[in-house]
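Counting with the numbering used here, you get residues 5 to 195 for the letters of the sequence shown. Here a beta-carbon is modelled for each residue, glycine too, at the ideal position from N, C-alpha and C. Below: the structure, in structure tokens.
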Amino acid sequence: MAALGTDAPSGVTRLVLAPDDLVVVAGIPGAGKSTLLHEADNRADAVIVDSEQVGDRLAELAPGWVPYRWYRPLVHLVHRWRIFVAALRSSAPVVAHLPATRWRTRLLLVVIGMLARRTRRLLWISVDPDVAYRGQVERGRVSPPRSFARHVRDARSVERTLRDSGGLPGWHAARLLRRPRRGTRFVLLPG
Numbered sequence: 005m006a007a008l009g010t011d012a013p014s015g016v017t018r019l020v021l022a023p024d025d026l027v028v029v030a031g032i033p034g035a036g037k038s039t040l041l042h043e044a045d046n047r048a049d050a051v052i053v054d055s056e057q058v059g060d061r062l063a064e065l066a067p068g069w070v071p072y073r074w075y076r077p078l079v080h081l082v083h084r085w086r087i088f089v090a091a092l093r094s095s096a097p098v099v100a101h102l103p104a105t106r107w108r109t110r111l112l113l114v115v116i117g118m119l120a121r122r123t124r125r126l127l128w129i130s131v132d133p134d135v136a137y138r139g140q141v142e143r144g145r146v147s148p149p150r151s152f153a154r155h156v157r158d159a160r161s162v163e164r165t166l167r168d169s170g171g172l173p174g175w176h177a178a179r180l181l182r183r184p185r186r187g188t189r190f191v192l193l194p195g
């Protein structure tokens, strides 16, 4: 993904987007994917598809006594559907986030990108699992221990593949990025 550049002294990470890009920001839960996208300077007018948008809306609709874990599967389903719709309908770049630690999720995203005739780019956020767990606690949504352990195990495999081969099947480009420091600016630029 040659269109990604980091200027460490200034604390800026730039991502240049083409109109047909489908960029998936991936990594284990708590890696900072949502934070990165929430704080992004979106100069490319990209469509940003964030699962928190769905979760927040469903939380408003659900009775207060219903815990998030009860409607989490619906959040996941609706989020994937929104990625598909955005990829098909938008003429702008689409930037979405998912853990994508499981091969089935990455395959689904590749298929969505192919059906929408998008250039598929994966930006993998690498983070220490303890830091990611603290990130989950801070946001108030913690993955169940077994699920989180599975994400960590699968993420290590993905990261090893990215380090060894520089890519993943079905993706036009894939990039491994250490979790940006707090205060790092993430700028989405038109290409």
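(message) Check whether the stretch 55-64 and the stretch 76-87 are in contact - that is, three or more C-beta pairs closer than 8 Å.
(response) Contact between the stretch 55-64 and the stretch 76-87 is present, because at least three Cβ pairs lie under 8 Å.
(request) Starting from D45, follow its DSSP beta bridges and name the residues at the other end. (result) On the sequence shown, position 41 is the one that residue 45 refers to. Answer by DSSP bridge pairing, in chain order: V191.
(message) Distance check for L111 and L180, CA to CA, integer angstroms please.
(response) Working through the sequence shown from its first residue, we reach residue 180 at position 176. Working through the sequence shown from its first residue, we reach residue 111 at position 107. Approximately 18 Å, taken between the alpha carbons.
(message) Tell me the rounded alpha-carbon separation between R86 and R167.
(response) If you number the sequence shown from 1, residue 86 lands on position 82. If you number the sequence shown from 1, residue 167 lands on position 163. Each residue's Cα considered, the two are about 30 Å apart.
(message) Let's see if you can read the secondary structure: which residues bound the alpha helix (DSSP H) around R84?
(response) Within the sequence shown, the letter at position 80 stands for residue 84. Element bounds for R84: 72-93.
(request) Run through the stretch 102-186 for me and flag every whole alpha helix (DSSP H) of 4 or more residues, listed as ranges in chain order. (result) The DSSP assignment places 107-119, 133-143, 149-169 as complete runs of the alpha helix (DSSP H) inside the stretch 102-186, in order along the chain (cut-off: 4 residues).
(message) For S156 and P184, which I take to be in contact (beta-carbon distance under 8 Å), what is that distance rounded to the nearest angstrom?
(response) If you number the sequence shown from 1, residue 156 lands on position 152. If you number the sequence shown from 1, residue 184 lands on position 180. In the sequence under discussion, the amino acid at residue 156 is Val, which differs from the Ser named in the question. With 8 Å as the limit, V156 and P184 do not qualify as a contact, their Cβ atoms being about 20 Å apart.
(message) According to DSSP, is D24 part of a helix, a strand, or is it coil?
(response) Residue mapping note: residue 24 aligns to position 20 of the sequence shown, counting from 1. Three-state DSSP puts D24 in coil, outside helix and strand.
(message) Please report the distance separating the alpha-carbon of L127 from that of W69.
(response) Reading the sequence shown from its first residue, position 123 is the one you call residue 127. Reading the sequence shown from its first residue, position 65 is the one you call residue 69. Distance between the alpha carbons of L127 and W69: 36 Å.
(request) Tell whether a beta-carbon distance below 8 Å holds between A120 and L193. (result) Locating residue 120 in the sequence shown gives position 116, counting from the first residue. Locating residue 193 in the sequence shown gives position 189, counting from the first residue. Result no, Cβ atoms of A120 and L193 do not sit closer than 8 Å.
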